[in-house]
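Quick mapping for you: the protein sequence lines, in order, are chains A, B and C.
Under the working numbering, the first residue of the first sequence is numbered 1, with each subsequent residue one higher.
Under the working numbering, the first residue of the second sequence is numbered 204, with each subsequent residue one higher.
Under the working numbering, the first residue of the third sequence is numbered 407, with each subsequent residue one higher.
Below is one structure, written out as structure tokens; comments come after it.
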Amino acid sequence: MLLYFLDLLGTGVFAATGAMVAARRNMDIFGALVLAFVTAVGGGTIRDAILGSTPVFWITDTLYLQVVCLATAVTLLGKAWWHRTRHMVQVLDALGLGVFTVIGVEKALSLNAEPMIAVIMGMLTGAGGGAIRDVLAGRVPMVLRQEIYATAAIAGGVLYTVMHDGGMDRSVVVVACATLVFVLRLLAIYCNLSLPKVSVRTQ
Amino acid sequence: MLLYFLDLLGTGVFAATGAMVAARRNMDIFGALVLAFVTAVGGGTIRDAILGSTPVFWITDTLYLQVVCLATAVTLLGKAWWHRTRHMVQVLDALGLGVFTVIGVEKALSLNAEPMIAVIMGMLTGAGGGAIRDVLAGRVPMVLRQEIYATAAIAGGVLYTVMHDGGMDRSVVVVACATLVFVLRLLAIYCNLSLPKVSVRTQ
Amino acid sequence: MLLYFLDLLGTGVFAATGAMVAARRNMDIFGALVLAFVTAVGGGTIRDAILGSTPVFWITDTLYLQVVCLATAVTLLGKAWWHRTRHMVQVLDALGLGVFTVIGVEKALSLNAEPMIAVIMGMLTGAGGGAIRDVLAGRVPMVLRQEIYATAAIAGGVLYTVMHDGGMDRSVVVVACATLVFVLRLLAIYCNLSLPKVSVRTQ
Numbered sequence: 001m002l003l004y005f006l007d008l009l010g011t012g013v014f015a016a017t018g019a020m021v022a023a024r025r026n027m028d029i030f031g032a033l034v035l036a037f038v039t040a041v042g043g044g045t046i047r048d049a050i051l052g053s054t055p056v057f058w059i060t061d062t063l064y065l066q067v068v069c070l071a072t073a074v075t076l077l078g079k080a081w082w083h084r085t086r087h088m089v090q091v092l093d094a095l096g097l098g099v100f101t102v103i104g105v106e107k108a109l110s111l112n113a114e115p116m117i118a119v120i121m122g123m124l125t126g127a128g129g130g131a132i133r134d135v136l137a138g139r140v141p142m143v144l145r146q147e148i149y150a151t152a153a154i155a156g157g158v159l160y161t162v163m164h165d166g167g168m169d170r171s172v173v174v175v176a177c178a179t180l181v182f183v184l185r186l187l188a189i190y191c192n193l194s195l196p197k198v199s200v201r202t203q
Numbered sequence: 204m205l206l207y208f209l210d211l212l213g214t215g216v217f218a219a220t221g222a223m224v225a226a227r228r229n230m231d232i233f234g235a236l237v238l239a240f241v242t243a244v245g246g247g248t249i250r251d252a253i254l255g256s257t258p259v260f261w262i263t264d265t266l267y268l269q270v271v272c273l274a275t276a277v278t279l280l281g282k283a284w285w286h287r288t289r290h291m292v293q294v295l296d297a298l299g300l301g302v303f304t305v306i307g308v309e310k311a312l313s314l315n316a317e318p319m320i321a322v323i324m325g326m327l328t329g330a331g332g333g334a335i336r337d338v339l340a341g342r343v344p345m346v347l348r349q350e351i352y353a354t355a356a357i358a359g360g361v362l363y364t365v366m367h368d369g370g371m372d373r374s375v376v377v378v379a380c381a382t383l384v385f386v387l388r389l390l391a392i393y394c395n396l397s398l399p400k401v402s403v404r405t406q
Numbered sequence: 407m408l409l410y411f412l413d414l415l416g417t418g419v420f421a422a423t424g425a426m427v428a429a430r431r432n433m434d435i436f437g438a439l440v441l442a443f444v445t446a447v448g449g450g451t452i453r454d455a456i457l458g459s460t461p462v463f464w465i466t467d468t469l470y471l472q473v474v475c476l477a478t479a480v481t482l483l484g485k486a487w488w489h490r491t492r493h494m495v496q497v498l499d500a501l502g503l504g505v506f507t508v509i510g511v512e513k514a515l516s517l518n519a520e521p522m523i524a525v526i527m528g529m530l531t532g533a534g535g536g537a538i539r540d541v542l543a544g545r546v547p548m549v550l551r552q553e554i555y556a557t558a559a560i561a562g563g564v565l566y567t568v569m570h571d572g573g574m575d576r577s578v579v580v581v582a583c584a585t586l587v588f589v590l591r592l593l594a595i596y597c598n599l600s601l602p603k604v605s606v607r608t609q
């Protein structure tokens with residue numbers, strides 16, 4: 001129940017980021033709907049295709065699509081209130097990353113995947129949709145930029161598998177991990193927190 | 204039978220657009236074949252992977268690949284005749300969009316998907332291959348540009364599900380919807396027809 | 407046994423190219439790990455999703471992920487030794503292309519795919535991961551550039567199916583084809599060998 005709510009929440013906020021990027025590119029309303037859709041369900045779709053859990057989740061439960069439509073409509077109608085698009089996109093993306101990382105880890109563990117695989121599936125679920133959005137929009141995906149992004153998702157996934165093994169209450173684990181990912185991303189955005197770079201002299 | 208013919212027609216015209224983009228980028232003949240191939244079968248492959256209809260359609264019926272090879276050969280041999288590449292790519296892409304949108308909706312409905320899902324699958328099938336072509340070629344996909352594109356596919360999909368529910372003859376529905384999508388795209392290209400934009404002041 | 411070793415070898419060298427591209431973009435260590443991962447397993451994941459062989463290969467055998475982690479660590483720790491990144495990436499990519507093309511053809515044939523399909527699956531397995539790496543990094547994939555790339559993979563795949571039909575010893579076929587692809591790519595890189603272009607006057 002908590003997980004289902006968080007899944008729909010992540011769907012909504014990722015859809016909103018897709019609609020915002022569409023608005024910045026002067027796309028029409030159905031173009032915005034499509035970009036919102038692939039952003040919101042892209043990560044989970046890749047996860048399900050890899051795990052062989054098909055038809056994928058949004059085929060059998062249309063509530064996800066309804067949330068995408070609603071979030072897109074609210075975003076476009078309310079666009080007078082979110083002038084500072086770039087930060088809004090980053091913050092909502094961080095929230096979606098946290099929620100979807102947990103959803104991905106949870107789904108992989110429920111299919112008896114090993115912890116290492118579960119962490120990867122959490123990362124793909126969390127970062128996949130946003131990466132598709134950015135590639136389609138001709139931008140380098142957030143996951144490839146300097147700030148902590150993959151790091152946040154992997155940290156959340158590792159914490160999840162450790163707490164899960166420790167037999168802790170699932171609701172506590174879910175909330176703790178999603179919060180960890182979200183907070184790490186916010187720190188990266190607002191405090192320019194980052195890990196040491198692995199740079200190299202280029203020719 | 205009509206659907207199979209249209210499917211092969213869409214495969215051929217999308218392959219031709221891929222070969223044309225390859226020619227503009229000075230790729231060699233096998234590179235052009237690969238780009239033609241992913242453009243022609245990319246949308247249907249995503250559709251089948253999402254629906255869990257695997258192995259995907261072109262694995263079990265090699266006629267699709269033969270059409271891709273033929274269309275690529277004809278396109279490259281006949282390149283003296285299509286100087287105005289940009290318009291040719293757009294018009295053939297519009298024809299492929301119309302045909303593949305119908306194929307996608309039809310396939311989803313045959314697997315008992317809900318109408319809303321069928322419309323989405325039509326859009327993914329129609330726009331997916333061209334989006335892969337454009338992303339690989341380093342261009343922003345047509346579906347993200349200002350003119351009616353997603354709108355045309357969604358309009359065609361909605362018309363299909365409505366006419367299908369109304370119990371109309373399938374051939375009529377197929378032809379009507381593919382034509383609607385094609386004509387809407389042509390209007391967008393040649394008359395600069397577009398929906399109101401959803402722009403926003405950027406920082 | 408030979409194939410499994412070559413598969414892990416391809417995984418390692420492709421992971422190294424991903425880590426090198428990450429280092430050139432100043433990504434942090436976990437970002438590099440993610441890029442190494444999608445580069446190393448991307449092609450095989452697309453192959454398995456298309457063939458319906460799910461869960462995909464790296465879900466059930468975590469040795470692939472361990473190789474990715476190891477190769478990333480070695481690459482980043484040893485970065486003082488590979489100044490000339492661009493050539494290193496191209497050469498390791500060529501080695502991975504050769505090995506993964508053979509793995510892809512082999513897997514498709516083992517599932518009774520027709521020779522034409524097997525050649526395509528070899529090409530997708532070999533070129534897929536590198537294409538994802540390049541698209542995510544905002545570069546045009548090697549497969550779309552002028553030098554022989556798709557050509558090498560297709561030549562290797564065709565040679566494989568011909569030798570396979572001829573009933574030759576599998577180890578010989580595997581080594582001969584991987585070597586052919588690798589050597590063709592090296593010739594393209596170092597001798598500027600290429601096929602005739604299929605260019606066209608652009609508007």
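Here a beta-carbon is modelled for each residue, glycine too, at the ideal position from N, C-alpha and C.
What you are looking at is a predicted structure, and each value in this text was computed from that prediction instead of being measured.
Check: Enumerate, from N- to C-terminal direction, the unbroken beta strand (DSSP E) stretches of 3 or more residues contained entirely within the region 244 to 286 of chain B.; Outcome: none
Check: Helix, strand or coil for residue 503(C) per DSSP?; Outcome: helix
Check: Counting only C-beta atoms, is residue 442(C) closer than 8 Å to chain B at any point?; Outcome: no
Check: If you pair each beta-carbon of the region 86 to 106 of chain A with each one of the region 431 to 443 of chain C, do three or more pairs fall below 8 Å?; Outcome: no
Check: For the region 547 to 567 of chain C, list every residue whose C-beta sits within 9 Å of some C-beta in chain B, in sequence order.; Outcome: 547, 549, 550, 551, 552, 553, 554, 555, 556, 557, 558, 559, 560 and 561
Check: Which first and last residues belong to the alpha helix (DSSP H) in which residue 165(A) is found?; Outcome: 150 to 165
Check: Please say whether residue 102(A) and residue 191(A) have beta carbons closer to each other than 8 Å?; Outcome: no
Check: Using only CA atoms, which one of 358(B), 342(B), 345(B) and 373(B) lies nearest to residue 313(B)?; Outcome: 373(B)
Check: Tell me, to the nearest whole angstrom, how far the beta carbon of residue 373(C) is from that of residue 442(C); I am working on the premise that it is less than 8 Å.; Outcome: The structure shown does not extend to residue 373(C), since chain C spans only 407 to 609, so no value can be given for it.
Check: Determine the closest residue to residue 244(B) out of 229(B), 264(B), 228(B) and 225(B), with distance taken between C-alpha atoms.; Outcome: 264(B)
Check: Given that a residue counts as buried once 16 or more other Cβ atoms are within 10 Å of its Cβ, and exposed if not, what is residue 327(B)?; Outcome: buried
Check: Is it true that the CB of residue 324(B) sits closer than 8 Å to the CB of residue 310(B)?; Outcome: yes
Check: Quick one: is residue 160(A) buried, meaning 16 or more other Cβ sit within 10 Å of its Cβ, or exposed?; Outcome: buried
Check: Note down, in chain order, every chain A residue with its Cβ under 7 Å from the Cβ of residue 544(C).; Outcome: 140
Check: Do residue 469(C) and residue 408(C) have their C-beta atoms within less than 8 Å of each other?; Outcome: no
Check: Comparing the C-beta of residue 512(C) with each C-beta of chain B, is any distance below 8 Å?; Outcome: no
Check: Taking the alpha-carbon positions, what's the residue 91(A) to residue 127(A) distance?; Outcome: 14 Å
Check: Under 8 Å, Cβ to Cβ, is there at least one residue of chain B near residue 31(A)?; Outcome: yes
Check: Just to confirm, does residue 176(A) get its C-beta within under 7 Å of one of the non-hydrogen atoms of the ligand FMN?; Outcome: Judged by which ligands are present, the structure shown has none, so any question about the ligand FMN falls away.
Check: Report back the beta-carbon spacing between residue 544(C) and residue 143(A) to the nearest angstrom; my notes put them in contact at under 8 Å.; Outcome: 13 Å between Cβ atoms; not a contact.
Check: Measure from the alpha carbon of residue 224(B) to the alpha carbon of each residue in 242(B), 302(B) and 354(B), then state which is nearest.; Outcome: 242(B)
Check: State the Cα-Cα distance for the pair residue 609(C) and residue 151(A), rounded to the nearest angstrom.; Outcome: Caution is warranted here: a pLDDT of 40 is assigned to residue 609(C), below 50, making its placement in the model unreliable, and the coordinate value is therefore given only provisionally. C-alpha separation (whole angstroms): 46 Å.
Check: Quick one: is residue 534(C) near chain B, going by C-beta distance under 8 Å?; Outcome: no
Check: I'd like the list of long-range same chain contacts for residue 481(C), defined as Cβ closer than 7 Å, with 5 residues on each side in sequence excluded.; Outcome: 422, 425 and 426
Check: At which residues does the alpha helix (DSSP H) containing residue 326(B) begin and terminate?; Outcome: 318 to 339
Check: When burial is assigned at 16 or more other CB atoms within 10 Å of the CB, is residue 207(B) buried or exposed?; Outcome: exposed
Check: How long is the line joining the alpha carbons of residue 181(A) and residue 525(C), rounded to whole angstroms?; Outcome: 42 Å
Check: Hey, is residue 228(B)'s beta-carbon within less than 8 Å of any beta-carbon in chain C?; Outcome: yes
Check: Per DSSP, what kind of secondary structure is residue 348(B) in: helix, strand or coil?; Outcome: coil
Check: Hey, does residue 257(B) have any beta-carbon neighbour from chain C nearer than 8 Å?; Outcome: yes
Check: Taking all protein chains shown into account, do 16 or more other C-beta atoms lie within 10 angstroms of the C-beta of residue 165(A), making it buried, or fewer, making it exposed?; Outcome: exposed
Check: Which one of 334(B), 253(B) and 378(B) has the shortest CA to CA distance from residue 202(B)?; Outcome: Residue 202(B) is absent from the structure shown; chain B starts at 204 and stops at 406.
Check: Just verifying my parser: in three-state terms, what is the DSSP assignment at residue 515(C)?; Outcome: helix
Check: Please list, in chain order, the chain A residues whose beta carbon lies closer than 8 Å to that of residue 334(B).; Outcome: 136
Check: Determine the closest residue to residue 250(B) out of 44(A), 47(A), 175(A) and 55(A), with distance taken between C-alpha atoms.; Outcome: 55(A)
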